[in-house]
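For reference, the structure is listed below as structure tokens.
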Amino acid sequence: MSAALQLADPAATERLAAALADAQPPGAVVFLHGDLGAGKSTLARAWLRRLGVTGTVRSPTYTLVERYPLAAGGEALHLDLYRIGDPGELEFLGLDDAAASLWLVEWPQRGGGALPPPDLEVALELAGGGRRALLSARSERGRAWLAAWRPCEVEGSS
Ligand SMILES: Nc1ncnc2c1ncn2[C@@H]1O[C@H](COP(=O)(O)OP(=O)(O)O)[C@@H](O)[C@H]1O
Ligand SMILES: [Mg+2]
Numbered sequence: 000m001s002a003a004l005q006l007a008d009p010a011a012t013e014r015l016a017a018a019l020a021d022a023q024p025p026g027a028v029v030f031l032h033g034d035l036g037a038g039k040s041t042l043a044r045a046w047l048r049r050l051g052v053t054g055t056v057r058s059p060t061y062t063l064v065e066r067y068p069l070a071a072g073g074e075a076l077h078l079d080l081y082r083i084g085d086p087g088e089l090e091f092l093g094l095d096d097a098a099a100s101l102w103l104v105e106w107p108q109r110g111g112g113a114l115p116p117p118d119l120e121v122a123l124e125l126a127g128g129g130r131r132a133l134l135s136a137r138s139e140r141g142r143a144w145l146a147a148w149r150p151c152e153v154e155g156s157s
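The sequence shown begins at 0 in numbering that gives the first Met the number 0 and counts up by one.
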């Protein structure tokens, strides 16, 4: 199961994040693909905001992970593995799979086998001044997530 969307501007990327956040299964693992500047962090930040994160959303470029306790319980993990030297570094972070309500992972291909398997992969690329997003379900609940999801309000410019 997959879906392609045209995101005309950053606000459309933020609407995509909000729509996915509203429909996400608990403990969802989301891999965010795309070159530098594709909009991965924009999507992650808007997703965290939608879940009620009100403080600063820092880029995990150097820390590899930023953690956000959620009002609804558990915590959201935002990872950016662009600068990871070795996937083994992930083990030292002591990330608790069971306590995480959400994983948003930029540059997941650099995590090797140290990450949990994804439910959803989002690939962003530059397209016509905006971005194109390709969503691919990678698990049974990822497929249920996309099947139940209504992206109609996401596309278009604001
Ligand atoms: N749909 C879009 N159309 C145009 N620009 C966008 C879109 N989504 C995000 N951007 C912009 O792209 C730039 C880079 O975004 P960022 O999220 O930092 O990328 P990444 O984390 O993939 O490196 C930001 O200036 C952001 O506002
Ligand atoms: Mg980024």
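Note that the Cβ used here is the ideal one computed from N, Cα and C, for glycine as well.
Owing to the predicted nature of the structure, the values given are computational and were not obtained by experimental measurement.
Under 8 Å, with one C-beta from each stretch per pair, do the region 96-114 and the region 26-33 reach the 3-pair mark?
For the pair of segments examined, the region 96-114 was found to touch the region 26-33: the number of CB pairs separated by less than 8 Å reaches three.
Cut-off 6 Å between Cβ atoms - residues of its own chain near R57, not counting five sequence neighbours on either side
Hits under 6 Å: E65.
In terms of alpha-carbon separation, which member of T53, G54, E13 and A97 lies closest to G26?
Among T53, G54, E13 and A97, the Cα nearest to that of G26 is on A97.
With respect to 8 Å, is the separation between the Cβ of D118 and the closest non-hydrogen atom of ligand 2 below this value?
Checking the Cβ of D118 against ligand 2 gives no.
Please determine whether the Cβ atom of R130 lies at a distance below 8 Å from any heavy atom of ligand 1.
In this structure, R130 has its beta carbon less than 8 Å from a heavy atom of ligand 1.
The region 106-120 / the region 133-142 touching (three or more Cβ pairs under 8 Å):
Contact check between the region 106-120 and the region 133-142: three or more CB pairs, one atom from each, fall below 8 Å, which counts as touching.
Kindly list the residues whose CB is nearer than 7 Å to the CB of A99, restricted to its own chain and excluding five residues on each side of it in sequence; keep chain order.
The residues are G26, G73, E74 and L76.
In the structure shown, what three-state DSSP assignment does D21 receive?
Assignment of D21 by DSSP, reduced to helix, strand and coil, places it in the helix class.
Tell me, which residues are paired with S135 by DSSP?
Per DSSP, S1 and E120.
Give the C-beta separation of A37 and E124 to the nearest angstrom, bearing in mind that I take them to be a contact with Cβ-Cβ under 8 Å.
For a cut-off of 8 Å, the C-beta gap from A37 to E124 is around 6 Å, short enough to register as a contact.
Which residue comes first and which comes last in the beta strand (DSSP E) that contains E74?
First-last of the beta strand (DSSP E) with E74: E74 to D79.
Just to confirm the assignment: which complete beta strand (DSSP E) runs, minimum length 3, are found wholly within the region 50-74?
If you keep only unbroken beta strand (DSSP E) runs of at least 3 residues inside the region 50-74, you get 64-68.
By the three-class DSSP mapping on this structure, what secondary structure does E154 have?
Annotated three-state conformation of E154 is coil, per DSSP.
On the DSSP bridge list, what partners appear for E105?
Residue pairing by DSSP places E105 opposite L31 and D79 in a beta bridge.
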